[in-house]
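Chains as they are written, first to last, in my numbering: chain F, 307 to 873; chain X, 307 to 873.
A virtual CB, placed ideally from N, CA and C, is assigned to each residue, including glycine.
Taking it in order: structure first as structure tokens, then the write-up.
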């Protein structure tokens with residue numbers, strides 16, 4: 307039982323049938339075809355040689371098959387994590403060097419270890435501090451940076467930078483060096499892929515083509531562009547005209563590689579690895595949960611951390627780079643009918659065959675084509691509507707999104723996402739540090755108490771009834787002290803203060819000491835302090851405390867009882 | 307009206323009578339006598355020449371008189387802030403140099419500006435993040451470090467260090483150099499002051515001396531020791547025997563001084579100045595609130611920031627160092643009958659006379675005596691009972707206290723208090739990230755719903771009723787998603803999920819998106835999602851949102867209504 311928790315393969319493996327096998331095999335073939343160009347492209351985005359993309363899709367997916375809890379998640383390189391990889395490594399080592407590839411392995415290893423440790427210690431909750439607005443803002447900004455970073459391949463020029471400003475400046479600087487043929491291929495590929503997404507589907511539907519065939523045609527778009535542009539380069543010898551091509555890719559299974567564990571390198575990679583782990587986990591778990599819900603399956607977030615950790619460690623030792631569960635490929639896998647993680651393992655076999663046998667076929671593949679597939683894929687991530695939505699909902703959420711987008715674009719991915727997290731925590735603390743405190747009165751003829759500013763209620767000048775709509779803890783304890791002191795100090799009639807605690811889910815030690823202080827100060831003013839509607843768990847804690855012994859008033863089950871007893 | 311907010315002196319000044327004047331004058335005389343040795347001692351603790359202590363008690367107290375809202379707060383050097391000053395400066399400049407005194411001015415200026423800005427922007431809430439346990443732990447640990455740091459003066463040796471370990475090691479190293487006569491004076495003074503605190507009061511009471519006279523005698527203890535040991539050194543020429551004395555102190559009013567605003571210095575002082583501002587403000591405001599409550603007076607925390615800010619800026623330009631409202635002197639001022647801040651201004655005049663005329667009298671005052679007054683004063687701050695109290699109350703509070711004490715002792719004041727704040731924020735977030743979610747059922751014959759694990763309740767296998775005891779926000783949004791998915795995925799009977807929101811004080815955008823996700827996923831499983839008992843302010847926000855339109859179920863006023871409608 308306990309072993310099955312850590313090895314979910316034992317659960318689904320024992321019910322594996324011939325029918326499941328055939329479903330999984332069909333899904334695997336479809337996903338493999340889709341993954342070949344995608345893997346090459348994301349390797350390019352990460353600043354690595356194209357084969358690294360294939361390698362990063364083989365061992366990781368097999369390890370996830372063994373340790374992961376999602377039946378259909380497809381693990382491998384994804385756009386945002388590849389961008390974060392490039393951003394992290396380019397600050398440390400020069401792109402294109404051997405050291406760069408080794409640092410990518412170290413980053414994957416470090417991220418894998420972090421995920422594994424978080425999983426074993428059940429610390430998945432850490433990822434919860436990435437709020438939805440921060441993630442949305444981050445992904446939108448990342449999509450823009452990724453698209454901008456690929457323009458250099460479309461134009462056949464050099465350009466560098468990990469924030470939008472640097473990138474755009476660098477592009478303008480090198481614009482005169484544009485290779486016209488490359489630009490033609492790049493623009494054609496991009497335009498065609500956009501048309502496939504937006505124009506092909508309605509066209510086929512109008513022509514009466516079935517939904518399944520339409521879906522296959524749309525998904526085959528990237529494969530078609532890859533084949534067409536590769537053929538064009540080969541036939542017309544465009545490689546000699548300055549069109550950058552993929553070139554020699556070793557024909558080999560994933561090699562056994564060793565990440566560098568030099569302390570200075572690991573030190574520099576610590577924060578990026580942590581952020582990559584969190585972002586990767588959040589992206590992966592939300593895809594997994596969404597797909598699992600469609601079949602009433604369970605996802606164990608802590609076990610998912612273990613699965614992703616194993617996948618990344620696998621990537622580190624087989625020539626890959628950081629990976630996670632990808633959205634688009636998982637959806638394709640699901641739609642194609644994958645029933646168990648075995649489909650992933652079959653995909654891995656398909657990619658291994660590709661790595662072994664098909665790499666000569668991509669010798670003439672132009673890098674501009676890969677850039678075009680990336681641009682079209684990531685622009686679907688860009689969605690500014692979150693800004694409008696957050697603006698309409700709350701200022702705090704809006705500030706967090708805006709800061710994340712602006713800082714990610716202006717200062718890069720690490721700064722952007724870190725600032726977003728810190729800001730949302732601070733804003734949350736700020737909100738709870740100034741809780742809503744309503745002075746309440748009795749609605750005539752009922753036992754209900756409502757805000758005196760919103761309703762017609764009965765009040766007694768000798769009694770102040772206050773309802774605090776927040777747990778009491780250190781950040782708002784002193785606020786309550788000030789509030790009560792200000793309310794009572796100027797009003798000589800007051801003899802009783804009743805705190806209605808129906809919305810107080812917790813009272814920490816600071817708040818308890820503040821309550822004692824309030825009690826003492828009210829006593830100095832000849833005012834009694836009472837509590838009402840204290841929740842069970844809160845009362846359990848208060849029961850043995852000195853505070854209840856010195857409380858000048860009483861604790862009442864309901865606010866109505868309190869008022870009755872006092873009068 | 308608005309001017310009076312920023313200049314509280316306008317409020318109390320216009321009702322000033324002859325009687326108030328005489329009360330204030332009497333209080334001022336008493337406080338002045340008490341403050342002379344204390345000011346000298348805290349200057350020593352801050353690593354500054356003794357006159358700096360007098361200067362720091364003159365301009366600041368006058369400025370607080372104009373801007374502060376407390377009637378009785380006495381502003382000047384205090385133990386913990388003096389220790390923090392020494393800790394901040396010793397890392398940057400060598401003690402005893404001119405640069406050190408100038409850096410102390412810069413620290414006061416920086417801290418004053420920070421306080422002023424926080425006051426003008428009404429940001430006093432920032433100080434709320436110092437939880438009571440963190441402050442208690444910090445003050446206890448600081449008291450120990452201060453006492454240890456004064457042992458070198460008691461023994462007449464050299465010793466350095468800003469954490470306990472360094473201090474103790476340094477003391478042991480220099481122990482052989484102990485000056486026996488200094489040690490005799492130091493030990494005698496310390497023992498006598500302890501006896502005055504613990505033994506004199508009961509003795510006088512037994513002898514039938516009145517309470518007022520007893521109080522005066524106890525408070526005059528330090529003055530007596532100062533006079534006695536100064537006379538001893540003078541009469542027996544102990545200064546020539548190696549007893550370190552205060553020596554020449556300039557006879558002058560506070561000089562006009564200019565803090566250094568060198569960017570590199572200010573950069574290094576930024577964090578210490580911020581921590582000094584926060585700690586100083588917290589200490590000051592809690593004294594002010596406690597004393598104000600005794601007379602039903604109001605304290606405006608934001609205006610207090612302005613008052614303390616002005617006081618520190620005053621200190622910076624008149625040869626002082628960081629100051630704040632002190633506990634013991636304010637209580638003495640209150641007990642002595644001070645009625646308005648004018649008492650503080652009269653105290654300032656008294657100290658100015660002392661600085662001008664009395665400094666030759668302290669030429670022979672041994673530093674060991676000053677150290678003894680510090681040790682006896684700060685040991686009353688040391689109180690480990692907070693550890694026991696926090697242990698009994700909650701693990702989170704206990705961890706915060708323990709970490710603050712251990713880290714302050716081991717790594718110094720800045721690290722200790724920062725770690726305490728960060729840890730208590732993280733623990734609070736952790737707690738709220740895993741909220742208590744109770745599955746509830748109906749208590750037969752009532753309309754009340756209670757936890758099915760705690761009470762005998764009716765349930766319906768088709769309906770899952772969940773009460774979340776926490777506001778829903780980003781840190782717990784995904785937790786709720788997982789919780790509901792796990793509860794429903796395995797249970798094929800479930801057709802309805804009702805979320806009872808009576809304890810949900812807020813729903814942020816992340817939580818709203820999680821609710822949408824939960825709604826969609828439940829829909830995939832053919833389960834309806836309902837809400838009940840949503841609070842007014844929360845409902846106000848939700849009303850226009852897409853979520854309510856797509857909600858598969860309904861929103862009910864009460865959980866009982868919800869159950870009735872569904873059946």
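Proximity of chain X to residue 600 (chain F) at the Cβ level (cut-off 7 Å) is accounted for by 830, in chain order. Not a single C-beta of chain F is nearer than 8 Å to the C-beta of residue 423 (chain X). For residue 787 (chain F), the number of other beta carbons within 10 angstroms of its own is at least 16, and it is reported as buried. Non-local C-beta neighbours of residue 737 (chain X) in its own chain, meaning closer than 8 Å and more than five positions away in sequence, comprise 702, ordered along the chain. Using a Cβ-Cβ cut-off of 8 Å, residue 761 (chain F) does not count as an interface residue toward chain X, since no Cβ of chain X sits closer than that to its own.
Under the three-state reduction of DSSP, residue 526 (chain X) is assigned to helix.
At the C-beta level, residue 371 (chain F) and residue 622 (chain F) stay beyond 8 Å of one another.
Assigned with DSSP and collapsed to three states, residue 865 (chain F) falls in helix.
Taking C-alpha positions only, residue 433 (chain X) is separated from residue 438 (chain F) by approximately 29 Å. 8 Å or more divides the Cβ of residue 625 (chain X) from the Cβ of residue 578 (chain X). Residue 408 (chain F) sits in a helix when the DSSP states are folded into three classes. Under the DSSP assignment, residue 758 (chain F) falls outside any beta strand (DSSP E); it carries neither an H nor an E label.
Contacts with chain X at 8 Å (Cβ-Cβ) do not include residue 312 (chain F). Here residue 755 (chain F) is buried: its Cβ has 16 or more other Cβ atoms, across all protein chains shown, within 10 Å. Comparing C-alpha distances from residue 670 (chain X) to each of X:532, X:746 and X:571 shows the shortest one belongs to X:532. The Cβ-Cβ distance between residue 374 (chain F) and residue 619 (chain F) does not fall below 8 Å. Between the region 356–369 of chain F and the region 320–328 of chain F, the count of Cβ pairs shorter than 8 Å is below three; the stretches do not touch. In the three-state reduction of the DSSP assignment, residue 744 (chain F) falls in the strand class. In this structure, the beta-carbon distance from residue 840 (chain X) to residue 807 (chain X) falls below 8 Å. With a cutoff of 8 Å on beta-carbon distance, residue 680 (chain F) and residue 456 (chain F) are scored as near each other.
Secondary structure in the region 766–799 of chain X: the beta strand (DSSP E) runs of 3 residues or longer, each lying completely within the stretch, are 769–774 in chain order. At a beta-carbon threshold of 9 Å, the residues of chain X lying near residue 439 (chain F) are 780, 814, 815, 816 and 819, ordered along the chain. In this model, residue 800 (chain X) and residue 861 (chain F) are separated by some 39 Å (Cα to Cα).
Chain F places a beta carbon closer than 8 Å to that of residue 434 (chain X), counting this residue as a contact. The beta-carbon distance between residue 528 (chain F) and residue 506 (chain F), rounded to whole angstroms, is 12 Å. This is too long to meet the 8 Å contact definition. When F:752, F:647, F:716 and F:479 are compared, the shortest CA-CA separation from residue 316 (chain F) is found for F:647. Under DSSP, residue 710 (chain F) forms no beta bridge with any residue. Taking C-beta atoms as the reference points, residue 463 (chain X) and residue 672 (chain X) fail to come closer than 8 Å.
Contact with chain X is found for residue 703 (chain F), since one of that chain's Cβ atoms lies less than 8 Å from the residue's Cβ. By DSSP's assignment, residue 382 (chain X) forms a beta bridge with X:630. Taken atom to atom, the span from the alpha-carbon of residue 340 (chain X) to that of residue 644 (chain X) is near 15 Å. Rounded to whole angstroms, the Cβ separation of residue 522 (chain X) and residue 668 (chain X) is 22 Å, and the two are not in contact under 8 Å. Look at residue 696 (chain X): its C-beta is under 8 Å from a C-beta on chain F. Counting along the chain, the unbroken alpha helix (DSSP H) around residue 337 (chain F) starts and ends at 324–351.
Residues of the same chain with a CB within less than 7 Å of the CB of residue 794 (chain X), apart from the 5 flanking positions on each side, are 770, 800, 803, 828, 831 and 833 in chain order. The alpha-carbon separation between residue 719 (chain X) and residue 448 (chain X) amounts to approximately 7 Å.
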